[in-house]
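My numbering puts the last residue of the sequence shown at 382; the count rises by one with no breaks.
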Amino acid sequence: MTALLPVDDARERLLSLAAQCDEETLAIGNADGRWLARPVRARRSQPPADLSAMDGYAIRFADMPGPWRVIGESAAGRPFGKTVGQKETVRIFTGAQMPEGADTVLVQEDTDSDGAQVRLTGEGPGEPGRHVRALGGDFSKGDAILPAGSFLNSRRIGLMISAGHDDAVVRQRPKLALISTGDELALPGKAVDDPAVIPASNGPALIAQLAHLPVQISDHGIVADDLEALAKVLERARKADIIVTIGGASVGDHDLVQKALRAAGARIDFWRIAMKPGKPLMAGTLGKAVVLGLPGNPASAYVTAKLFLEPLIAKMGGAADPGPAFVPAMLASSLPATGDREEYLRGHWTDGGVSPLDGQQSSLIRALADAELLIRRSAAASEARPGDHIEILGLTS
Ligand code: AMP
Ligand code: MG
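Next up, the structure:
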């Protein structure tokens, strides 16, 4: 009996099997949810000039405390265009370009004006440069603004457009072939009164789980526990970048996935992972495809997909850091000491922090469905108490 493989080691071995997908160039509006294939530099400066941060009057600080003669106006997109001289001022609005010569803005509320003359009524600016957004204060032309491997979300798309870009060079989405296996499985809603039947929930649930990731899934449906049927589906699936099987990963008489993969020419690493749920996990390659065999129990399938498949997709999709990203949280209840496996408890937020839900067996779907987070407990950990800090993984899908 081989020793159980720690989760981090297993993930490292899996990710080492995977190569990044090729690059493609997308219109920036279509690049949401992708990872940058190349570093991005700013093609312009932001702000592109000294701009006013307030409505008021642009002055030379040296002319304080005024009064000033109003010689024109500068509005956003419509600069004044001439120079401000001694004791002169320009009516200015938020976002408008500071006129040549002026260095400071008097806030409108601190002034009194008849249209031709402005005098200070309030405190006024304490130093030169007040209420001015300096040229390049956000970024300057040529600045490195995002490294390769950055995840593009709404805010980074905004940043790239502000930096003058209209497209993004990202990694392509890996193609994933999904195969559910088991003689007992039936399509959603079918044979609900047959006690020999289990609805095949994991496949559609996994597709929903991965919906936020850049991956192209082809669902090969339910395949019987039959070597010939498995051989056929593997033949169709092998052009994918990733082949995911669900169920049949163990070594029981009806667990034929491994056998079928070997017969198809796959190089297989059968792992027993030091984790709960999700001990039986299979990984390997079939041609250029990375194969990941998930266990069939719903909580095991979900947790192993979270800890192994999502990072695999992220690595292939170009992520600098494929995750998973655990964060600290306060524990609201007691947890018993752990054994020789890491534990990933399905949990939720309560007033005092996080707590595990009732029903942690890997076959139980209800606690999985109610879970807002996974609580990670390392192997051989001692009892944990309320107020202790532990690591969690927030669940959004
Ligand atoms: P297996 O890994 O094939 O031994 O399956 C372990 C348990 O998970 C069995 O009770 C199966 O009925 C169940 N199971 C396997 N595949 C699925 C699936 N696609 N959806 C829901 N349950 C499944
Ligand atoms: Mg099975």
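Every residue gets a Cβ at the ideal spot worked out from N, C-alpha and C, and that includes glycine. Since the structure is predicted, the reported quantities are computational estimates derived from the model, not experimental observations.
8 Å Cβ shell around residue i - same chain, five flanking residues per side excluded
i      : result
Ala379 : First, the amino acid is wrong: residue 379 is Gly here, not Ala. Hits under 8 Å: Val312, Glu357, Leu358.
Ile377 : Phe311, Val312, Pro313, Ala314, Gly332, Val339, Leu358, Leu359, Ile360, Arg361
Gln102 : Pro52, Trp53, Arg54, Val55
Lys300 : Leu0, Ala3, Gln5, Pro307
Glu327 : Pro(-9), Val(-8), Ala259, Met260, Lys261, Arg361, Arg362, Ser363, Ala364
Ala214 : Val208
Asn138 : Asp17, Gly18
Best match in the options for proximity to residue i [C-alpha to C-alpha]
i      : options                        : result
Trp53  : Ile44, Ala60, Ala61, Ser59     : Ile44
Ser347 : Pro265, Gln201, Ala12          : Pro265
Ala162 : Ile298, Glu9, Gln5, Arg118     : Ile298
Asp88  : Gln102, Gly62, Val117          : Val117
Gly302 : Lys160, Thr289, Ala27, Val103  : Lys160
Gly324 : Leu195, Ala352, Asp306, Glu368 : Glu368
Ala181 : Ala171, Ala27, Ala190          : Ala171
Gly121 : Ala34, Arg141, Phe136, Ala317  : Ala34
Ile375 : Leu316, Ser382, Ala354, Thr381 : Leu316
Arg140 : Ile183, Gly14, Arg76           : Gly14
Leu292 : Gly127, Ser318, Leu195         : Leu195
Leu91  : Thr68, Asp48, Gly237, Pro132   : Asp48
Val25  : Gly237, Lys224, Phe136, Ser37  : Phe136
Gly18  : Val229, Val177, Ile142, Ala290 : Ile142
Thr230 : Gly272, Phe255, Gly278, Ile202 : Gly278
Lys224 : Ala185, Gly237, Gly272, Asp179 : Gly272
Glu73  : Pro113, Thr79, Ala60, Phe46    : Phe46
Pro184 : Ile192, Gly174, Leu21, Ile202  : Gly174
Ala290 : Arg104, Pro113, Ala190, Gly114 : Ala190
Ala354 : Ala193, Val177, Leu294, Asp178 : Ala193
Chain-order list of residues whose beta-carbon lies under 7 Å from that of residue i (same chain, five-residue window excluded)
i        : result
Asp210   : Thr166, Gly167, Asp168, Gly233, His239, Leu241
Gly107   : Glu94, Asp95
Lys244   : Leu212
Pro321   : Glu368
Ala216   : Ala245, Ala248, Ala249
Val218   : Ile164, His205, Val208
Pro371   : Leu316, Ala317, Ser318, Ser319, Gly337
Thr270   : Leu2, Ala251, Arg252, Val276
Ala352   : Arg331, Leu342, Asp343, Gly344, Gln345
Leu(-11) : Arg257, Ile258, Ala259, Asp325, Arg326
Ile146   : Ile13
Proximity test, residue i beta-carbon vs the ligand AMP heavy atom, cut-off 7 Å
i      : result
Pro183 : First, the amino acid is wrong: residue 183 is Ile here, not Pro. Yes.
Leu246 : no
Ala222 : no
Leu170 : yes
Ile231 : yes
Gly206 : no
Ala176 : no
Ala209 : no
Asn187 : yes
Ala38  : no
Ala34  : no
Ala234 : yes
Ser318 : no
Ser348 : yes
Any non-hydrogen atom of the ligand MG within 7 Å of residue i CB
i      : result
Gly17  : The sequence given here has Asp at residue 17, not Gly. No, the Cβ of Asp17 stays beyond 7 Å of every heavy atom of the ligand MG.
Gly308 : no
Ala263 : Looking at the sequence itself, residue 263 is Gly, so the reference to Ala does not match. False, no ligand heavy atom lies under 7 Å from that Cβ.
His239 : yes
Asp152 : no
Arg381 : A small fix is needed here, since residue 381 is Thr in this sequence, not Arg. Thr381 Cβ: outside cutoff for every heavy atom of the ligand MG.
Thr166 : yes
Gly281 : yes
Beta-carbon gap between residue i and residue j smaller than 8 Å
i      : j       : result
Ala286 : Asn187  : yes
Pro309 : Pro296  : yes
Val155 : Ala16   : yes
Arg23  : Ala148  : no
Gly57  : Gly70   : no
Gly221 : His205  : It should be noted that the sequence gives Arg, not Gly, for residue 221. The answer is yes: Cβ separation under 8 Å.
Ala12  : Asp152  : yes
Ile253 : Ala(-5) : no
Ala305 : Gly134  : yes
Pro50  : Thr68   : no
Ala38  : Ala60   : no
Asp128 : Phe78   : no
Ile228 : Ala274  : yes
Neighbourhood of residue i by C-beta distance below 6 Å, restricted to the same chain and skipping five residues each side
i      : result
Glu9   : Gln157
Ala350 : With the sequence shown as reference, residue 350 is identified as Ile, and Ala is not the correct amino acid for it. Counting only Cβ-Cβ distances below 6 Å, and skipping sequence neighbours, we find Pro283.
Phe124 : Ala27, Gln31, Ile130
Val288 : Pro262, Gly263, Tyr329
Pro132 : Pro24
8 Å Cβ cutoff, residue i in contact with chain D
i      : result
Ala248 : In the displayed structure, chain D is absent; only one protein chain is listed.
Note down, one range per segment and in chain order, each alpha helix (DSSP H) of at least 4 residues found wholly within the stretch 146 to 216.
187 to 194
Uninterrupted alpha helix (DSSP H) stretches inside the stretch 105 to 147 (no shorter than 4 residues):
139 to 147
Fully enclosed by the stretch 216 to 257, which alpha helix (DSSP H) runs are 4 residues long or longer?
242 to 248
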